[in-house]
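Q: Numbering (our numbering), first residue to last: 79 to 498. Before I ask anything, let me first share the structure, which is written out below as structure tokens.
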Ligand code: AMP
Ligand code: GLY
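Now the structure itself:
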């Protein structure tokens, strides 16, 4: 089979490595991929948002199966465009991807179908938003409606910060059109859990749970990033909580999307907060998480391509989806200065026989060099969480590039939770 994966980060690298385990995956193309992915797939210089070029390529190469991984092309309708040309594709169509593409949509969906989430109000008028802030409890969370590279969420500790966030989004358009509508919501507290799930719109199969580390610095300090590391499974996510989530969140969401005429197929990501009043949805993503995928897929014992093909056929109930009972830890190595200013172009040296997923990495004169903020993620698995963490940090020592920065405490919070 000829397979095409749209995207070019660590998540896509992890998907590609897993797909390659199936002998049927004879040829894999990555659009655009990256310098490290080039060791595992043929990288094609087509951007993940260039839908006409993606479709042309798929038709010309007679691609048998496509996987669209990032949020942007999904929300823009890449799956619809590919399927219109007869290309079998994994991922939600545009109508379903709105579950991530519009926070106002997802909040209204949850309200309508009684799916637990933070209480909220939606505004398209800036004055109305600002006057609402005068009376709401503090802290309060201000969110841009549309996609904003994971940066469109402001936790305001004061009313002035909340007002400023609204002005930034609605007046100064710091997130462009994504901020013309804002959601202002209740601040929740509790441990966060990421649950990625496979679904064909009928069956929903949660994958092993995970924990992201979004802040740039140790101790969960500093700016929000795309994710500095992950562990799986998440010790807060007990079997009992998993059952509650299945009954009150996962199945109701799939059914709600069906009832809205927006059947979701692909990977639906539930960002959950385990509050005193039970698990609540913080966000939905219409795709695999990054860097969650880099710990979840290494623990998948079943065949990823087979699962994806079964989802395409609407027969997920017939697929084997089995995870090992091991633990995984992924430590992201970034360019010093990320998520703000950083330098790139430094040569990367790393062992060839390890689970290293590259993101901001490119080939220059035959050498792998840094080319982005998050450069790569190092994943190790082990029989214990501590073993996985120690092994990941041991492997990090054998990866070298100038200006490398990584958090030194990935998984520490989970280790403490495990002991409780
Ligand atoms: P998001 O971009 O939606 O993933 O939000 C980024 C982060 O903001 C989440 O991972 C949470 O840590 C935090 N967050 C979002 N919404 C809330 C909320 N209602 N209460 C507390 N924290 C929140
Ligand atoms: N790691 C969070 C996300 O993929 O959105």
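A virtual CB, placed ideally from N, CA and C, is assigned to each residue, including glycine. Remember, predicted model here, so these are calculated numbers, not experimental data.
1) If contact is defined by three or more beta carbon pairs under 8 Å, each pair taking one atom from either stretch, is the segment 266–276 in contact with the segment 345–353?
2) So, with DSSP's three-state summary, where would you put residue 223?
3) For residue 330, does the three-state DSSP call read helix, strand or coil?
4) Could you tell me how far apart the beta carbons of residue 347 and residue 272 are, in whole angstroms, since I believe they sit closer than 8 Å?
5) Within 8 Å (strictly less), CB to CB, does residue 421 reach chain B?
6) Check the C-beta distance from residue 373 over to residue 277 and give it rounded, since I have them as a contact under 8 Å.
7) For residue 435, write down the residues that DSSP places opposite it in a beta bridge.
8) Which one of 407, 230, 280 and 102 has the shortest CA to CA distance from residue 180?
9) Just to check my reading of the structure: residue 482 and residue 407 have Cβ atoms closer than 8 Å, yes? What is that Cβ distance to the nearest angstrom?
10) What separation, rounded to the nearest whole angstrom, lies between the Cα atoms of residue 153 and residue 364?
11) Using 8 Å for Cβ pairs, my map puts residue 327 next to residue 130. What's the rounded Cβ distance?
12) Just how far apart, CA to CA, sit residue 343 and residue 171?
13) Flag residue 290 as yes when its Cβ comes closer than 7 Å to any non-hydrogen atom of the ligand GLY, and as no otherwise.
14) Taking only three categories from DSSP, how would you classify residue 97?
15) Nearer than 7 Å: is that true of the beta carbon of residue 301 relative to any heavy atom of the ligand AMP?
16) Flag this pair as yes or no: are the beta carbons of residue 156 and residue 132 separated by less than 8 Å?
17) Where does the unbroken beta strand (DSSP E) through residue 362 begin, and where does it stop?
18) Suppose you measure from the CA of residue 430 to the CA of residue 242; what does that come to, to the nearest Å?
19) Quick one: measure Cβ to Cβ for residue 370 and residue 290, integer angstroms, because I've assumed they're closer than 8 Å.
20) Once the 5 residues before and after residue 95 are set aside, which same chain residues still bring their CB inside 7 Å of it?
A: Working from what's here:
1) yes
2) coil
3) helix
4) 7 Å
5) The displayed structure is made up of one protein chain only, and chain B is not part of it.
6) About 20 Å separates the two Cβ atoms, so there is no contact after all.
7) 455
8) 230
9) With a Cβ gap of about 18 Å, residue 482 and residue 407 do not count as contacting.
10) 8 Å
11) Actually they do not touch by this definition, with Cβ atoms about 37 Å apart.
12) 8 Å
13) yes
14) helix
15) no
16) yes
17) 356–363
18) 48 Å
19) 6 Å
20) 118
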